[in-house]
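Position one of the sequence shown corresponds to residue 58 (my numbering), numbered consecutively onward.
A virtual CB, placed ideally from N, CA and C, is assigned to each residue, including glycine.
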Amino acid sequence: QEARDLAGECLRDHGMTPIFACNGREAMSAIEDHPPDAVLTDLHMPEMDGLELVRLVRSRFSGLPVVLMTSQGSEETAVSALRAGALSYVPKAKLRNNLCDAMGMVMAAVEERRFRERTRSLLEHSEASFLLGYEMDGPNALISHLQGNLRQVNFCDDTELFQIGTALAEALSNAIDHGNLELDSAIREQGADVYAELRQQRATQDPYRDRRVRVTETLRPDVVQYRVQDEGKGFDVSCVPDPLHPDCLLKVSGRGLLLLRTFMDDVTFNATGSEVTMTRRRRTT
């Protein structure tokens, strides 16, 4: 009770309005009825403890930050809660000194999220094109930029951001290696060194060295589309094996298409196989 009163006093002093719950079940009910800006929870509670509450909040309200209050001897459980998705924790012994700082950081994150939501509400349509050669850090730099665009409009959570980044990485690798450099996927089965050496050679030879990959991003509030176009000879799209077939699942060369179709909602190739269009719809609210 003392920790609860102290926490309430600290929050009110900083312009926040606390809503109290006796346990995790009551907290979840209150969150569902009136979603708060943040959750401050004790680790040890009856009926549903703080660790279970963190997991539930993460699964149902992925963007809602949770801060833990911990007592001495509960450090391991606190670490488990942080891994489960809690944003921070404050030892009860240092509650008066540390809570306001911790909640200040949380509220700054909440404010940033609000700005992102506002930006998304203002977004109508954004389109940008990029040209890639064989720059060593080019693909990673571009993927980071494209992920940043999604983050700025609160398009998705970190897990989804990773999935989209993985799909982009595979599409770029396919366009550069198999499209512009005309490297056969089967060469990967001979070993990474053989593949890397041939890749390096072709990047400096005609006709490969002057080829480029064009990436076009089209971003709307609830959907993002990427077109990745290479300047290679293309391929017969009808001859691409099903990546989910048992014979393909364990092949190194079948992994890219499997990841594209798993992480993106729609994946289509043009008639010549030189352009792939990937679409991802917004899931989180």
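- Rounded to whole angstroms, the gap between the alpha carbons of T336 and F219 is 15 Å.
- Here M193 is exposed. Its C-beta has fewer than 16 other C-beta atoms within 10 Å.
- The beta-bridge partner set that DSSP reports for A185 consists of E274.
- A143 is not a Cβ neighbour of L156, given a cutoff of 7 Å.
- Taking the Cα positions, V324 is about 13 Å away from S331.
- P148 carries a strand assignment under DSSP once its states are collapsed to helix, strand and coil.
- If only complete runs of 3 or more residues are kept, the segment 179–240 shows the beta strand (DSSP E) at 183–189, in order along the chain.
- Excluding sequence positions up to five before and after V167, its CB lies within less than 7 Å of the CB of D94, A95, P122, all in the same chain and listed in chain order.
- Between the C-alpha atoms of P92 and M102 there is a straight-line separation of about 21 Å.
- In this structure, DSSP gives T74 a state outside helix and strand, which the three-state scheme calls coil.
- Beta-bridge partners assigned by DSSP to D323: T336.
- Following the DSSP letters along the chain, one finds L108 inside the alpha helix (DSSP H) bounded by residues 107–117.
- In the displayed model, Y283 falls within a strand according to three-state DSSP.
- Between L229 and E274, the C-beta spacing is not below 7 Å.
- Listed in chain order, the non-local C-beta contacts of V280 below 6 Å within the same chain comprise R338, local neighbours out to five positions each way being set aside.
- Apart from sequence neighbours up to five positions away, the residues of its chain that approach T98 with a beta-carbon distance below 8 Å are G81, A84, G107, L110, V111, V123, V124, L125, M126, ordered along the chain.
- Taking 7 Å as the cut-off, the Cβ atoms of A224 and L314 do not count as close.
- Contact between N206 and R177 is ruled out by a C-beta separation of about 11 Å, above the 8 Å threshold.
- Taking C-beta atoms as the reference points, G190 and E239 fail to come closer than 7 Å.
- Take the alpha-carbon of I200 and the one of E217: they are about 14 Å apart.
- D90 has its alpha-carbon roughly 22 Å from the corresponding atom of M160.
- The Cβ atoms of N231 and R268 do not sit closer than 7 Å to each other.
- Between L152 and A60, the C-beta gap is smaller than 7 Å, which places the two residues in contact.
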